[in-house]
Amino acid sequence: MADLKNHLDKILHSAVEEPDVLVGEVVHSVNTGLLSIACGSFRRGKLTCGDVDVLVTHPDGKSHRGIFGKVIDGLKQRGFLTDDLVKQEDNGNQKKYMGVCCLPGPERKHRRLDLIVVPYSEFACALMYFTGSAHFNRSMRALAKTKGMSLSEHSLNKDVVRNGKLKVSPGYVIPTLSEKDVFEVLGLPYREPHERDW
Numbered sequence: 001m002a003d004l005k006n007h008l009d010k011i012l013h014s015a016v017e018e019p020d021v022l023v024g025e026v027v028h029s030v031n032t033g034l035l036s037i038a039c040g041s042f043r044r045g046k047l048t049c050g051d052v053d054v055l056v057t058h059p060d061g062k063s064h065r066g067i068f069g070k071v072i073d074g075l076k077q078r079g080f081l082t083d084d085l086v087k088q089e090d091n092g093n094q095k096k097y098m099g100v101c102c103l104p105g106p107e108r109k110h111r112r113l114d115l116i117v118v119p120y121s122e123f124a125c126a127l128m129y130f131t132g133s134a135h136f137n138r139s140m141r142a143l144a145k146t147k148g149m150s151l152s153e154h155s156l157n158k159d160v161v162r163n164g165k166l167k168v169s170p171g172y173v174i175p176t177l178s179e180k181d182v183f184e185v186l187g188l189p190y191r192e193p194h195e196r197d198w
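Note that the UniProt record's numbering has the sequence shown beginning at 1, numbered continuously upward.
Structural data, given as structure tokens:
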């Protein structure tokens with residue numbers, strides 16, 4: 001496996017664009033209707049990024065099923081994925097791959113890649129969660145809790161019943177088609193990704 005320190009070096013924002021484009025090409029070769037979005041500090045517009053996080057979904061709510069392995073195989077056929085760290089991690093209806101990638105060519109550095117396939121019904125909350133920042137996510141979850149709600153990478157729920165720190169009932173999912181819907185339900189003005197680095 002390539003040197004771990006090399007994986008974790010911060011990379012310039014512009015250096016994430018090429019991997020993002022390549023992943024998008026492979027994703028669309030599997031199904032042209034799939035959406036592929038680079039998240040994390042890249043989406044927040046930071047000058048440097050720790051790794052490459054890509055979220056994949058399909059607006060029809062069903063065509064994301066069965067594409068996880070095809071996308072990973074496609075990336076390997078391109079020679080883009082060099083090492084598997086976690087081949088598949090199931091988190092409810094979400095599937096996550098964690099590995100190491102490297103673009104072809106001399107002087108190219110290996111980078112960490114997380115690829116997450118999510119159902120469209122969870123896309124807005126997943127997009128917000130994987131965009132971050134971590135402190136922003138904690139603040140949003142804390143606010144939801146004060147309103148008797150819960151917020152995760154899966155959904156925004158209302159009528160959540162808690163007994164102290166223990167969640168007795170998960171409540172009911174509030175449909176959220178976009179990140180703006182999440183902000184609106186929580187009574188907040190919308191913040192663009194670059195405004196969430198706090």
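Cβ atoms here follow ideal geometry from the backbone N, Cα and C, with glycine treated the same way.
Start and end of the alpha helix (DSSP H) containing residue i?
i	result
residue 127	123-131
residue 182	179-185
Sorted by chain position, which residues of the same chain lie with C-beta nearer than 6 Å to residue i's C-beta, five sequence neighbours on each side aside?
i	result
residue 86	98
residue 115	54, 97
residue 45	194
Can you give me the C-alpha to C-alpha distance between residue i and residue j, rounded to a whole angstrom?
i	j	result
residue 24	residue 136	27 Å
residue 54	residue 82	17 Å
residue 75	residue 88	15 Å
residue 36	residue 66	16 Å
residue 61	residue 164	35 Å
residue 126	residue 155	8 Å
residue 22	residue 52	12 Å
residue 94	residue 188	27 Å
residue 166	residue 38	34 Å
residue 182	residue 132	14 Å
residue 102	residue 112	9 Å
residue 31	residue 108	29 Å
residue 157	residue 174	5 Å
Can you tell me where the beta strand (DSSP E) holding residue i begins and where it ends?
i	result
residue 111	111-117
residue 139	It is not in any beta strand (DSSP E) - residue 139 instead sits in the alpha helix (DSSP H) that spans 134-146.
residue 160	Where residue 160 is concerned, there is no enclosing beta strand (DSSP E), given that its DSSP letter is neither H nor E.
residue 89	81-91
Please list, in chain order, all residues of the same chain as residue i whose beta carbon is under 7 Å from its beta carbon, the five residues on each side excluded.
i	result
residue 2	Reliability fails at residue 2, whose pLDDT of 47 lies under 50, so the model's placement of it is uncertain and no value is given.
residue 205	Limits of the chain in this structure are 1 at one end and 198 at the other, which puts residue 205 out of reach.
residue 104	79
Enumerate in chain order the residues of its own chain whose CB-to-CB distance from residue i is below 8 Å, with the five nearest sequence positions on each side excluded.
i	result
residue 5	Its pLDDT being 49, under 50, residue 5 is placed unreliably in this model, and the coordinates cannot settle the point.
residue 120	57, 58, 59, 60, 61, 64
Hey, residue i and residue j are a contact pair by Cβ (cut 8 Å); roughly how many whole angstroms apart?
i	j	result
residue 195	residue 124	Between residue 124 and residue 195 the Cβ distance is about 17 Å, and since that is not below 8 Å, they are no contact.
Practice prompt. Identify every run of the beta strand (DSSP E) within the region 40-73, keeping only runs that are complete inside it and at least 3 residues long; order them along the chain.
Written response: 52-57
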